[in-house]
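**Student:** With the working numbering as the guide, the letters of the sequence shown map in order to residues 325 to 438.
Even for Gly, the Cβ is constructed at its ideal location relative to N, Cα and C.
The structure displayed is predicted, hence computed values, not measured ones.
Just passing along the structure, written as structure tokens.
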Amino acid sequence: MAVSSTHARTLNWEHTLTIEAIGDADPGLDYPRFVDGARRAPPEDVGGIPGFDEFVEAMAKPRHPERKRLVEWYGRVYDPEDIDLPAVKTNIAKLARCHAIGKAAFANSRQSER
Numbered sequence: 325m326a327v328s329s330t331h332a333r334t335l336n337w338e339h340t341l342t343i344e345a346i347g348d349a350d351p352g353l354d355y356p357r358f359v360d361g362a363r364r365a366p367p368e369d370v371g372g373i374p375g376f377d378e379f380v381e382a383m384a385k386p387r388h389p390e391r392k393r394l395v396e397w398y399g400r401v402y403d404p405e406d407i408d409l410p411a412v413k414t415n416i417a418k419l420a421r422c423h424a425i426g427k428a429a430f431a432n433s434r435q436s437e438r
């Protein structure tokens with residue numbers, strides 16, 4: 325099963341999440357949780373798909389006339405294959421903690437209504 329969403333509607337970014345398996349929840353784990361991923365997300369304000377294509381092309385070619393300016397704008401050389409898995413896992417874990425706190429607060433509020 326795949327789930328798609330559109331980000332920045334005017335730029336037509338479409339993200340597809342592929343759900344490869346659905347199983348029973350493990351009560352010892354926080355959800356949502358990050359299992360694996362591939363490729364780095366495009367930078368904010370890169371200019372939609374055409375801008376991203378140009379950005380990746382310039383970053384891949386050390387002699388590209390726009391490369392120096394784009395490295396300065398982005399802050400470093402961009403490698404689309406260089407996903408920061410620890411950062412993604414940390415951010416998803418924070419989301420899971422917020423979700424758990426929200427569930428607990430909701431359960432407590434329901435208890436106090438009785």
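From I425, A429 and Y402, pick the residue whose C-alpha is nearest to that of R364; which is it?
**Tutor:** Y402
**Student:** With C-beta atoms as the reference, is F358 less than 7 Å away from V395?
**Tutor:** In this structure, F358 sits away from V395, with a CB-CB distance that is not shorter than 7 Å.
**Student:** Please report the Cβ distance between A362 and I425, rounded to the nearest whole angstrom; I am assuming they are in contact, meaning their Cβ atoms lie under 8 Å.
**Tutor:** With a Cβ gap of about 30 Å, A362 and I425 do not count as contacting.
**Student:** With distances taken Cα to Cα, identify the nearest neighbour of Y398 among V380, E405, P410 and R387.
**Tutor:** V380
**Student:** Can you have a look at P351 and say buried or exposed, based on whether 16 or more other CB atoms are within 10 angstroms of its CB?
**Tutor:** exposed
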